[in-house]
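Asker: Residue numbers (the UniProt record's numbering): 1 to 322.
The structure under discussion is supplied below as structure tokens; questions concerning it will follow.
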């Protein structure tokens, strides 16, 4: 049987070299260090595309003298690991955090539930949360007269892997955009490569400088929790649209009276609270893309967010090497 690739310089330093070598030999996983991180994986004989988004977790509060030989067995108990990435510094110590990608989404969720605050050593507890695999860039400095198709065509010319462009109309004048857009890429790597190309300011769109950065990551919400949500989020409303109008329109969309608990409007967006999930589903299907007071609105499920979990996900995103 052919041994997985392993380079001596990848396991030298403060760690237990024999233990790491034994781990590689026992599992058959390759171990390679590049760009300040050491990658353990993928599994031997793995075929097919990498696991989809939602399979990666962030592991923080890792003792600096702790390595794969102690970490991998803990996370393998939850499910099959596709890849374990430990961030390293030049001294041979780890940088205090790692990323674990499982082959299945369910295993990633289970790892968060079972291993967050896991005592890896006496008095040392790991912090584990879902990783934010950000595929979206914020692009500012866009002429307000440009429409979605213009921006999509231009971004496709200067970067690769563009999947979609999200543009929001100006709250005051719906014929114009807000001067920025969100560009969605096929994966995090494509987004990172695009950001690297655009950030220095060497690329102009329509003859003017643009500002590019990571978009604020969307909060992850548990699927079981989302299936119980009874609140709709409505965006792109006219400033003049009233809560009374929204109450009337969404009651009609649900098909019966007494379906709403409350309506809360803030500038050009609103939250519509329903008494039942079924009524909310019916209104969502009817109203998404509908016209209210001369504005075509977007209607989606409101996401209940655990603030501690969201902050942890943002911290994980900030530490991803680009």
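We treat Cβ as the ideally placed atom computed from N, Cα and C, and that holds for glycine.
Small disclaimer: the values here were computed from a predicted structure and weren't measured.
(1) Run through the segment 169 to 247 for me and flag every whole beta strand (DSSP E) of 3 or more residues, listed as ranges in chain order.
(2) List the whole-angstrom C-beta distance separating residue 232 from residue 181, where the pair is believed to meet the contact cut-off of C-beta under 8 angstroms.
(3) Could you tell me the alpha carbon to alpha carbon distance between residue 300 and residue 230, rounded to whole angstroms?
(4) How far does the alpha helix (DSSP H) with residue 151 in it extend, from its first residue to its last?
(5) State the Cα-Cα distance for the pair residue 253 and residue 195, rounded to the nearest angstrom.
(6) I need the straight-line Cα distance from residue 291 to residue 236, nearest angstrom please.
(7) Using the Cβ count rule (16 or more neighbours within 10 Å means buried), how would you classify residue 2?
(8) Does DSSP put residue 10 in a helix, in a strand, or in coil?
(9) Measure from the alpha carbon of residue 186 to the alpha carbon of each residue in 137, 167, 175, then state which is nearest.
(10) State the beta-bridge partners of residue 287 as determined by DSSP.
(11) Exposed or buried, residue 20, counting other C-beta atoms within 10 Å across all chains shown (16 or more means buried)?
(12) Would you call the segment 109 to 117 and the segment 142 to 155 in contact, with 3 or more CB pairs under 8 angstroms?
(13) In three-state terms, what does DSSP make of residue 145?
(14) Please classify residue 39: does DSSP put it in a helix, a strand, or coil?
(15) Looking only at C-alpha atoms, which of 51, 263, 29 sits nearest to residue 43?
(16) Please report the distance separating the alpha-carbon of residue 248 from that of residue 37.
(17) Can you list, in chain order, the stretches of the alpha helix (DSSP H) that have 4 or more residues and sit fully within the UniProt domain "RRM" (55 to 133)?
Answerer: Taking the coordinates as given:
(1) 180 to 185, 211 to 214, 231 to 235
(2) Numbered from its first residue, the chain shown carries residue 232 at position 232. Numbered from its first residue, the chain shown carries residue 181 at position 181. Not confirmed; about 24 angstroms, so no contact.
(3) To locate residue 300, count along the chain shown from 1; it is residue 300. To locate residue 230, count along the chain shown from 1; it is residue 230. Computed Cα separation, rounded: 11 angstroms.
(4) To locate residue 151, count along the chain shown from 1; it is residue 151. First-last of the alpha helix (DSSP H) with residue 151: 148 to 158.
(5) Working through the chain shown from its first residue, we reach residue 253 at position 253. Working through the chain shown from its first residue, we reach residue 195 at position 195. Taking the straight line from one Cα to the other gives about 42 angstroms.
(6) The residue you call residue 291 lines up with position 291 of the chain shown. The residue you call residue 236 lines up with position 236 of the chain shown. Cα to Cα, residue 291 sits roughly 10 angstroms from residue 236.
(7) Within the chain shown, residue 2 is the residue found at index 2, counting from 1. For residue 2, the predicted model reports a pLDDT of 48, less than 50, meaning its position is unreliable; a value from the coordinates is still stated below. The residue is exposed, with fewer than 16 neighbouring Cβ atoms inside 10 Å.
(8) For the purposes of this step, residue 10 is taken as the residue at position 10 of the chain shown. Note that residue 10 scores a pLDDT of 49, beneath 50, so its modelled location is shaky; the value from the coordinates is reported in the next line. Residue state, collapsed to three classes: helix.
(9) Locating residue 186 in the chain shown gives position 186, where the first residue counts as 1. Nearest C-alpha to residue 186: 137.
(10) Taking the chain shown and counting its residues from 1, one reaches residue 287 at position 287. DSSP, once it has assigned bridges, lists no residue as partnering residue 287.
(11) As a working mapping, residue 20 is identified with position 20 in the chain shown. Buried, by the Cβ-count rule.
(12) no
(13) As a position in the chain shown, residue 145 is number 145, starting the count at 1. Coil at residue 145, not helix or strand.
(14) Taking the first residue of the chain shown as 1, we reach residue 39 at position 39. If DSSP states are grouped into helix, strand and coil, residue 39 belongs with the strands.
(15) Taking the chain shown and counting its residues from 1, the one referred to as residue 43 is at position 43. It is 29 whose Cα lies nearest to the Cα of residue 43.
(16) Locating residue 248 in the chain shown gives position 248, counting from the first residue. Locating residue 37 in the chain shown gives position 37, counting from the first residue. Roughly 56 angstroms separates the two Cα atoms.
(17) 68 to 76, 105 to 115
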